[in-house]
DNA sequence: AGAAACTAGTTTCACATGATACGAGTTCGC
DNA sequence: GCGAACTCGTATCATGTGAAACTAGTTTCT
């Protein structure tokens, strides 16, 4: 092993990149996202945004793009492009929103639904493979902590950003 | 609260996006990365790759780009571009590698080092703000779990990717 | 020594992403 | 009702990223 392990003797007031949480988070997320993205791309020619749209439509039924934006944490533009791709592939269908002419309601077509049914087990298998070797309560804790971090980041984005270096 | 919480009644064989770990991970990471990236950008006109390069140079002294690539998890090209930006701003200096004419050794200049000294406390303050409200052992566990996920993802990338949907 | 195989780093290209601007439709105020 | 202010979704633009090609330098094999 090359050098000082990640374990104990790290002083709190020093910055070690390997121990820096935002770095660790980003690296782990990139690794996982890359894996998943490649899987969807290779097997089904779906981008991650497209996959997410399919997911929420499968869960919640017909939604407008605005609702999808609110539901997933994606940009307006990203959702728009994902929807277009899915439309041309006839995986989702669009119907005019009755009360609002600007908006449309998106819903899975039969093909979209069966594609979802086909991918979902694979997605779950990936998740299972990733967390294999973790205790269930560890996974639950992980999810809770991630949610906390996300909330804290959102909080800090709004505030006058500099958390005073009160070290 | 809107609907079924993340807590109990989710069946394992169903795919709920909100409970899907890769999704949660990606969303949390994006939130945190965005926060950090904006901070560095606004205050110091540094990109995240540039900041990472500064960090490892501050930790480990003179390194070649190849070593930086190995140390951080970044692409060759990303490191190259980050280094160029830092060079033109005179935050790092380049000296020819004695034993290998293709390679150069990068090291922080005095300005680079003082910039690092200036940013590091802020970076740590951000981390502290993010994990405030978490118990120290929770944070430690989080880091361990992230490392595990990263390792598992790397593992799966190499293998014949499809974890059989053995659900 | 000289040619083939390899490596460090850069350049080029294709693509995905998000900020901004825009057009169409809706709502509010009068 | 009619115009101003607003919202949904799309189009345009600038930027960042990684894959692949390329250059320069090094190692290996004969």
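Residue numbers (my numbering), protein chains in the order written: chain A, 1 to 167; chain B, 168 to 334.
No residue lacks a Cβ here, since even glycine has one placed at the ideal position from N, Cα and C.
CB contact below 8 Å: residue i versus chain A
i	result
residue 300 of chain B	yes
residue 278 of chain B	no
residue 223 of chain B	yes
residue 323 of chain B	yes
residue 230 of chain B	no
Reference residue i, options the options, closest by Cα
i	options	result
residue 290 of chain B	B/199, B/244, B/191	B/199
residue 110 of chain A	A/75, A/89, A/15	A/89
residue 296 of chain B	A/29, A/135, A/152, A/140	A/152
residue 154 of chain A	B/190, B/274, B/197	B/197
residue 127 of chain A	A/158, A/37, A/23, A/16	A/37
residue 61 of chain A	A/149, A/85, A/108	A/108
residue 66 of chain A	A/137, A/142, A/100, A/35	A/100
residue 185 of chain B	A/59, A/35, A/20, A/22	A/59
residue 281 of chain B	B/194, B/222, B/189, B/187	B/222
residue 139 of chain A	B/302, B/313, B/240	B/313
residue 190 of chain B	A/76, A/142, A/105, A/93	A/142
residue 279 of chain B	B/261, B/241, B/292, B/265	B/261
residue 273 of chain B	B/258, B/299, B/251, B/231	B/231
Minimum Cβ-Cβ distance from residue i to chain B less than 8 Å
i	result
residue 106 of chain A	no
residue 69 of chain A	no
residue 115 of chain A	no
Open item on the list: Under 8 Å: do the region 114-123 of chain A and the region 37-51 of chain A share three or more Cβ pairs, one atom per stretch?
Closed with: Judged by Cβ distances under 8 Å, the region 114-123 of chain A makes contact with the region 37-51 of chain A, as three or more pairs qualify.
Open item on the list: Against chain B, which members of the region 117-131 of chain A pass a CB distance test of less than 9 Å?
Closed with: 119, 120, 121, 122, 123, 124, 125, 126, 127, 128, 129, 130, 131
TODO: Run through the region 66-129 of chain A for me and flag every whole beta strand (DSSP E) of 3 or more residues, listed as ranges in chain order.
DONE: 92-96, 104-108
- [ ] With 9 Å as the limit, tell me which residues of the region 191-221 of chain B have their beta carbon closer than that to any beta carbon of chain A; keep them in chain order.
- [x] 191, 192, 193, 194, 195, 196, 197, 198, 199, 200, 201, 202, 203, 205, 206, 209, 210, 215, 219
TODO: Quick one: which residues of the region 305-320 of chain B get their C-beta closer than 8 Å to a C-beta of chain A? List them in chain order.
DONE: Per Cβ criterion, the list reads 305, 306, 308, 309, 310, 312, 313, 314, 315, 316, 317, 319, 320.
- [ ] Would you list, in sequence order, the uninterrupted alpha helix (DSSP H) runs of no fewer than 4 residues that lie entirely inside the region 194-230 of chain B?
- [x] Scanning the region 194-230 of chain B for uninterrupted alpha helix (DSSP H) segments of 4 residues or longer gives 215-227, listed from N- to C-terminal end.
Task: chain B contacts made by the region 77-102 of chain A, where a contact means CB separation under 9 Å - done: Per Cβ criterion, the list is empty.
Task: the region 216-225 of chain B contacting the region 46-54 of chain A, beta-carbon criterion three pairs below 8 Å - done: no
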